[in-house]
Amino acid sequence: MEKKAVRVRFAPSPTGALHIGGVRTALYNYLWAKKHGGTFILRIEDTDQTRYVEGAEAYIMEALEWLGIEPDESPKKGGDYGPYRQSERKAMYGQFAEQLIKEGKAYYAFDTPEELDAARAKVEAETEGKGKFKYDASTRMSMRNSLSLDAGTTQQYLDKGEYVVRFKLPAIHRDIIFDDAVRGTVTYSTEEMDDKVLFKSDGMPTYHLANIVDDYHMKITHVIRGEEWLPSTPLHVLLYEAFGWAEARPQFAHLSLILKPAPDSYLTKQNKPAMAEKFLNVFLSKQPEFAENKDLLAQTITQLFQDVASVTSRLNPKKKDKPYKLALKAFLKKSMSGKLSKRDGDLLGFPVFPLDWNGDEPFRGFREWGFLPQAVLNFLALLGWNPKSEQEIFTLEELVDAFDLDEVVRSGARFDYAKAKWFNQQYMIKGEDSALAEMMQPLATAKGYTVSKEYLTQVANLLKQRVEFIPEFIEKGSYFFTDLDFEVVKEKEGKNLRKRVLNKWSAEKSATFLDLHQALAQLADTDDLEPAVDAFMESKGLGKGEVMPALRFAISGTMGGPALYEMMEVIGRAKSLDRIKAFVEFCNAETTVA
Ligand code: GLU
Numbered sequence: 001m002e003k004k005a006v007r008v009r010f011a012p013s014p015t016g017a018l019h020i021g022g023v024r025t026a027l028y029n030y031l032w033a034k035k036h037g038g039t040f041i042l043r044i045e046d047t048d049q050t051r052y053v054e055g056a057e058a059y060i061m062e063a064l065e066w067l068g069i070e071p072d073e074s075p076k077k078g079g080d081y082g083p084y085r086q087s088e089r090k091a092m093y094g095q096f097a098e099q100l101i102k103e104g105k106a107y108y109a110f111d112t113p114e115e116l117d118a119a120r121a122k123v124e125a126e127t128e129g130k131g132k133f134k135y136d137a138s139t140r141m142s143m144r145n146s147l148s149l150d151a152g153t154t155q156q157y158l159d160k161g162e163y164v165v166r167f168k169l170p171a172i173h174r175d176i177i178f179d180d181a182v183r184g185t186v187t188y189s190t191e192e193m194d195d196k197v198l199f200k201s202d203g204m205p206t207y208h209l210a211n212i213v214d215d216y217h218m219k220i221t222h223v224i225r226g227e228e229w230l231p232s233t234p235l236h237v238l239l240y241e242a243f244g245w246a247e248a249r250p251q252f253a254h255l256s257l258i259l260k261p262a263p264d265s266y267l268t269k270q271n272k273p274a275m276a277e278k279f280l281n282v283f284l285s286k287q288p289e290f291a292e293n294k295d296l297l298a299q300t301i302t303q304l305f306q307d308v309a310s311v312t313s314r315l316n317p318k319k320k321d322k323p324y325k326l327a328l329k330a331f332l333k334k335s336m337s338g339k340l341s342k343r344d345g346d347l348l349g350f351p352v353f354p355l356d357w358n359g360d361e362p363f364r365g366f367r368e369w370g371f372l373p374q375a376v377l378n379f380l381a382l383l384g385w386n387p388k389s390e391q392e393i394f395t396l397e398e399l400v401d402a403f404d405l406d407e408v409v410r411s412g413a414r415f416d417y418a419k420a421k422w423f424n425q426q427y428m429i430k431g432e433d434s435a436l437a438e439m440m441q442p443l444a445t446a447k448g449y450t451v452s453k454e455y456l457t458q459v460a461n462l463l464k465q466r467v468e469f470i471p472e473f474i475e476k477g478s479y480f481f482t483d484l485d486f487e488v489v490k491e492k493e494g495k496n497l498r499k500r501v502l503n504k505w506s507a508e509k510s511a512t513f514l515d516l517h518q519a520l521a522q523l524a525d526t527d528d529l530e531p532a533v534d535a536f537m538e539s540k541g542l543g544k545g546e547v548m549p550a551l552r553f554a555i556s557g558t559m560g561g562p563a564l565y566e567m568m569e570v571i572g573r574a575k576s577l578d579r580i581k582a583f584v585e586f587c588n589a590e591t592t593v594a
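Just so you know, the numbering used here puts 496 at position 496 of the sequence shown, and the rest follows in order with no gaps.
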């Protein structure tokens, strides 16, 4: 049999910002397509108008563009199988619903929401809350639909134009078995299913119908999506059968969830008290009825956070727990384990969205946080896929080459922010200085610094080993952009500054540094700074420890940082000399040395 060209689709619903889990789904689709010389399609599933959010589609496109995994066919780009927005395909779905009705595989239903609620309530009452109403072969004849009503009544309802089309599950239960590239053979029984709505009288299909009709017509070969869609898959399998498309059914691959990070990856000795307070405040904002227990809650959370490695296992409720403690434990359990959710980022202090989202509920993005797109792609690829080697750093081409659906892991993958940062740093170090400079430019401008790209390129070169994120170039490296305010330096670095410089300052030191200033001022532009400073120290019989700390504080206001002389060259000799002078004056004033 001739192998079909691989065609995969990423099919988000534009209901808000795209979560990082969705980005990973897009990435795996992209990798699978490219690995097989296939086609990566973006299809916007916007049939549920009640959940439509303005700006969400543009956000999705921008995120894929930023990451460099752009679709080959999409609403923006077009393609041979368009349109790629389901709302624009509206006219084609009705005929498929009708076809199923004609063939007795679906039916019209007229039950009002109130009637459905009543049916649910009745079953709940009869079973003391244990049972659930299901619209299926056992109940459908007692409901109002084209199977239970006569033709005339059915027509009357249809004329009113208020109906839905429901899929008719087989009366005799059977197993639905399909192969999943991640999970192996998956079996569901129709007993677990109900007669799902496929189409509504507003002319819109539901997700299930539109999804199958489109996958078939877009010649999709692999459906790679999140595991939340696994329970829908048996219905999809039945739909492929019902339409006579079973042969063309795509290979399914359901990706596991991305899980919250392990507490020991974000709770450190230093930040534990602050994090405990943050958790407590969020808890109290949700359950203000416990506000009066605040002190006890604070103690409890401190205790629970004591041993970070075991905290989640100690959150199970105990009989003797007081109500406030039970509530706190339940909140912590939800906040510290399970699926990585959109609000986790705010609480735990990292982004979970690719880009900033400025909707009603705003979120920070990896891009604005200062992550490089390649780093995001790299760590996302490894979040659930096992490359079967020690290799960690992969270019996009290498990912395409190495990626395999068979090696996608079945268990949930834990998001690890520390690891994400590590990847970012690796990419910063590897990155072209000029590319880093380009990303720094708007941030520098926003701070009011007027600097050339060449200048930023030099800063990037000196600092990239020392920062984790793009904005840190500007923040940590502020001394490259503005003159130092030594009062601020004193606030930040007081202890070090006193120990290394001020405690040893004297009139003699002051004179020495002014001499050094003079010696450096006399250098020709082509003379190197380092030998000049070395010669000066030797001539005065001074050790490095007596000169270097002061020079560093003078130039960058801190002890750490890149190589001193390189820093001075980038900042400029004249400016550096001015800083030395200003520093001497500051030290004189601080120590009241005349
Ligand atoms: N529209 C669905 C979503 O928002 C797509 C699921 C699928 O890929 O079939 O995730």
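Yeah, the Cβ is synthetic: ideal placement off N, Cα and C, and Gly gets one too.
All of these numbers come straight from a predicted model, not from anything done at the bench.
Inter-residue CB distance, Ala550 and Ala532 (contact presumed, cutoff 8 Å): Wrong, their Cβ atoms sit about 16 Å apart, outside the cutoff.
Among Ser389, Phe353, Trp357 and Asp360, which has the Cα closest to the Cα of Leu377? Phe353
Segments assigned alpha helix (DSSP H), at least 4 residues, entirely inside the region 56 to 131: 56 to 67, 90 to 102 and 113 to 126
Quick one: Cα of Ala446 to Cα of Lys495, how far? If you take the alpha carbons of Ala446 and Lys495, they lie about 32 Å apart.
Which of the three DSSP states is assigned to Leu382 in this structure? Leu382 falls in the coil class under three-state DSSP.
What's the C-alpha gap between Met141 and Met204? 25 Å
For Asn461, which residues does DSSP report across the bridge? BP columns for Asn461 are empty, so no partner.
For Lys269 and Pro323, what's the separation of their Cα atoms in angstroms? 29 Å
So, using beta-carbon positions, are Ser189 and His173 closer together than 7 Å? In this structure, His173 lies closer than 7 Å to Ser189 by Cβ.
Whole-Å CB distance - Pro75 paired with Arg85, under 8 Å assumed: 5 Å
The region 242 to 250 contacting the region 282 to 298, beta-carbon criterion three pairs below 8 Å: no
Distance, Tyr266 Cα to Asp180 Cα: Taking the straight line joining both Cα atoms gives about 34 Å.
Is Tyr266 helix, strand or coil when you go by DSSP? coil
List in chain order: all unbroken alpha helix (DSSP H) runs of 4+ residues lying wholly within the region 354 to 415. 366 to 369, 373 to 381 and 396 to 402
Would Lys77 pass as a contact of Val400 if the rule is Cβ separation under 7 Å? no
Between the region 90 to 102 and the region 51 to 71, can you find at least three pairs of beta-carbon atoms closer than 8 Å? no
Measuring from the CB of Arg225, is there a heavy atom of the ligand GLU at a distance below 6 Å? yes
In the structure shown, what three-state DSSP assignment does His222 receive? strand
Label Ile429 either buried or exposed according to how many other C-beta atoms from any shown protein chain fall within 10 Å of its C-beta, with 16 as the threshold for buried. Residue environment analysis places Ile429 among the exposed positions, since fewer than 16 neighbouring C-beta atoms fall within 10 angstroms of its C-beta.
What I want to know is whether the C-beta of Ser74 ends up closer than 6 Å to one or more non-hydrogen atoms of the ligand GLU. Not so, every heavy atom of the ligand GLU lies at least 6 Å from the Cβ.
Minimum C-alpha distance to Gly226 - residue among Val409, Leu326 and Lys490: With distances taken between Cα atoms, Gly226 lies closest to Val409.
Buried versus exposed call for Gln374 [16 or more other C-beta atoms within 10 Å across all chains shown]: buried
Does DSSP put Thr206 in a helix, a strand or coil? Thr206 sits in coil when the DSSP states are folded into three classes, being neither helix nor strand.
Measuring CB to CB, does Ser13 end up less than 7 Å from Glu45? yes
Got a sec: does the ligand GLU put a non-hydrogen atom nearer than 6 Å to the Cβ of Ser256? no
Tell me Phe469's beta-bridge partners as DSSP assigns them. Paired residue(s): none; Phe469 is not in a bridge.
Leaving out the 5 sequence neighbours to the left and right, which residues in its chain are closer than 6 Å to Tyr135 when beta-carbon positions are compared? Asp194 and Asp195
Under 6 Å from any heavy atom of the ligand GLU, does the C-beta of Ala11 make it? yes
The beta strand (DSSP E) with Gln251 in it runs from where to where? Gln251 to Leu255
Extent of the continuous alpha helix (DSSP H) to which Phe536 belongs: Leu529 to Lys540
What separation, rounded to the nearest whole angstrom, lies between the Cα atoms of Asp72 and Gln465? 36 Å
Terminal residues of the alpha helix (DSSP H) in which Asp515 lies: Ala507 to Ala521
Buried or exposed: Asn271, going by 16 or more other Cβ atoms within 10 Å of its Cβ? exposed
For Gly365, which residues from the same chain have a beta carbon less than 6 Å from its beta carbon, with the 5 sequence-adjacent residues on both sides left out? Pro351, Phe353, Pro354, Leu355 and Asp356
Can you grab the Cα-Cα spacing for the pair Val8 / Lys575, in whole Å? Cα atoms of Val8 and Lys575: separation of roughly 57 Å, rounded to the nearest angstrom.
Just the C-alpha distance for Lys122 and Gly37, rounded to the nearest angstrom, thanks. 55 Å
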